[in-house]
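Following: one structure in structure tokens, then a few remarks.
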Amino acid sequence: MALNAQPSPSVTPSSVEVQLPTNYISIFDYSSQYLPDVHDELAQIYGNQSVSGLLYMLGAESSFASDKSIWTEEGRLHTVYNDVSRSGKVFTKVGNVFRKNETVHISDGSNKRRGIITDVNKANGEFTVSCYDAAGLDALATSNLTVFVYGSEFRKGTGGMAGSLETDFTILDNKPIILKDFYEVSGSDATQIGWVTTQNGGKLWYLQSEMDTRRRWEDRMELAMILGQKADTGSDAEVAGYGGTEGLFDAVRDRGNTFQGIADDLSDWDTILKRFDQQGKIQDYMFYCDRDQSLAIDDMLGQLNAGYDGGVSFGIFDNNKDMAVNLGFKGFTRGTYNFFKTDWKMLNDPTLLGAVAAGAGKIRGLLIPVGTKEVYDGAYNGQGDGSKITVPFLQCKYRQAGAENRKYKTWVLGTVGGVHTNDNDKMEVHHLSERMLNVVGANNFMLFEGE
């Protein structure tokens, strides 16, 4: 990861205590450049309250210039139908893509058969199957059958396959939102500033409230990408001209996987593994969770002794299966999947999602795949439009065109601290960003929420 170029830290302290635009500094800028022997700070009775950082750690950033970002994800390679009906040898599924001479696997809740498609009626959504089993198809149910193609068979001297299959694509898009914040202090109140002295004797000044505004602003930039919601057509927000943006949680709810409540035993995790087997089969996952979910995992593994041989491995983070389970573990393996757990401060903060009751759908955690995903940049129709690219699962995109970069803009107005832009006896610090979060391959994520 690289340090953002903007906002840039101050590098020109003055030799006397004079408030200048060039010697204003924040705690972050100060700690990045200087190491004071003694520095007076406010007592942080709630600790470091900043909750941002997830997208910085797991996501990537890139610029775009349009009002909308479009990407295309490929569909499934194979097709299965779970609601096929049967009358004798004739099966019905409206809109099916089965072809004559394809061999199919058919099953209900109790029986299964294999056969070959001998006739297709696309207009009626029907296909006729000749069973390979002498017992025929009568043992199968007449509704809710599961059917998929596993091959094909042709007699000698016959023609080729009739009809071709086109890959199914899903075109997705998201729109950015403009975020703003503002801090104001009068010229009189600006005299209540703090001074720090650098190692070379230079003076830098800061305002605690302005720094808190900046921290709160940075938190909310990330929170907006996580909790964002697109405005429904006809909603009050949409009518008023606010379109919203799709956040991380909504993307997973709409296109990914959800788990009700807390996963607290191996059977829960086996269910999760089986779901991921049906999705992208990503091997490694980061699990950002709240306190209850974190302790539930610790308790689950704490009940397993060092000799347990049921498929749970503790070989991550320099631990191994033969060692006793540490209640402060960082990760575990089940089946072929690796899970790395960490507390997500945002979910525990009583002023943010920690204030949401379990019955109201409290977020318990989020499983995030580690790696990248191949998608098409733009709207791809299978005919060559769009280029195939590899992108991270989480991609934060900000608006930029030419010299205008709206990733993180900060500017100062007023007559305080050497700034003279108008006749107002105050200092105004403005923040602006235009950004959105693209969640690629949301089917590989899982959101835990509720009781």
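First residue of the sequence shown: 36, per our numbering; consecutive thereafter. Built from N, CA and C at the ideal position, the CB exists for glycine as well.
Where the beta strand (DSSP E) through residue i begins and ends
| i | result |
| --- | --- |
| aspartate 208 | 204 to 209 |
| serine 98 | 95 to 99 |
| glutamate 273 | Element bounds for glutamate 273: not the beta strand (DSSP E) but the alpha helix (DSSP H), 271 to 274. |
| threonine 107 | 104 to 109 |
Proximity to residue i [Cα-Cα], best of the options
| i | options | result |
| --- | --- | --- |
| methionine 321 | Gly278, Gly366 and Gly279 | Gly366 |
| threonine 306 | Gly370, Ala331 and Thr248 | Gly370 |
| lysine 124 | Asn117, Asp102 and Ala170 | Ala170 |
| isoleucine 105 | Gln243, Gly160, Arg190 and Asn473 | Asn473 |
| leucine 262 | Gly476, Gly279, Gly315 and Gly269 | Gly279 |
| leucine 180 | Thr450, Ser120, Asp285 and Lys442 | Ser120 |
| isoleucine 152 | Glu161, Gly144 and Thr138 | Thr138 |
| glycine 222 | Lys316, Lys461, Tyr323 and Ala393 | Lys461 |
| arginine 399 | Phe294, Gly406, Leu89 and Asn136 | Phe294 |
| glycine 88 | Asp312, Lys265, Thr377 and Glu108 | Thr377 |
| phenylalanine 189 | Asp102, Asn136 and Asn117 | Asn136 |
| tryptophan 379 | Leu207, Leu402 and Leu429 | Leu402 |
| arginine 441 | Ser302, Asp203, Glu161 and Met256 | Met256 |
| asparagine 459 | Ala197, Met92 and Val220 | Val220 |
| glutamate 161 | Gly396, Ala100 and Lys128 | Lys128 |
| aspartate 312 | Thr202, Val447 and Asn479 | Asn479 |
First through last residue of the alpha helix (DSSP H) which encompasses residue i
| i | result |
| --- | --- |
| aspartate 327 | 326 to 337 |
| methionine 481 | Not the alpha helix (DSSP H): methionine 481 falls in the beta strand (DSSP E), residues 481 to 484. |
| threonine 248 | 243 to 262 |
| valine 447 | No alpha helix (DSSP H) contains valine 447, which is instead part of the beta strand (DSSP E) from 444 to 449. |
Those residues which DSSP pairs with residue i across a bridge
| i | result |
| --- | --- |
| threonine 181 | Ser142 |
| asparagine 156 | Glu161 |
| phenylalanine 126 | Arg121 and Phe162 |
| serine 468 | Leu214 |
| glycine 88 | In the DSSP output, where bridge partners are listed per residue, glycine 88 has none listed. |
| leucine 429 | Val474 |
| aspartate 319 | Asn373 |
| methionine 196 | The partner list for methionine 196 (beta bridge, DSSP) is empty, contrary to what the question assumes. |
| valine 220 | Met462 |
| glutamate 188 | Answer is none; glutamate 188 lacks a bridge partner. |
| valine 115 | Phe183 |
Same chain, Cβ closer than 6 Å to residue i, five either side skipped, listed in chain order
| i | result |
| --- | --- |
| tyrosine 218 | Glu245, Thr248 and Val464 |
| valine 115 | Phe183 |
| histidine 466 | Asp216, Trp252 and Thr445 |
| asparagine 354 | Residue confidence is low: asparagine 354 scores 45 on pLDDT, short of 50, so the model does not pin down where it sits. Its coordinate-derived value is still stated next. Cβ within range, chain order: n/a, list empty. |
| glycine 296 | Gly485 and Glu486 |
| asparagine 159 | none |
| asparagine 292 | Arg310 and Met481 |
| glycine 186 | Thr138 |
| asparagine 117 | Thr181 |
Other residues of its chain near residue i: CB distance less than 7 Å, five sequence neighbours each side excluded
| i | result |
| --- | --- |
| aspartate 300 | Met335 |
| leucine 200 | Val132 |
| leucine 38 | In this prediction, leucine 38 has a pLDDT of 42, which is less than 50 and means its spatial position is unreliable; what the coordinates show is noted afterwards. Nothing listed; no residue qualifies. |
Same chain, Cβ closer than 8 Å to residue i, five either side skipped, listed in chain order
| i | result |
| --- | --- |
| lysine 103 | Asp208, Asn209 and Lys210 |
Please give me, in chain order, every unbroken run of the alpha helix (DSSP H) with length at least 4 that falls completely inside the stretch 279 to 315. 283 to 290 and 301 to 312
Which runs of the alpha helix (DSSP H), 4 residues or longer, sit entirely within the stretch 367 to 403? 380 to 383
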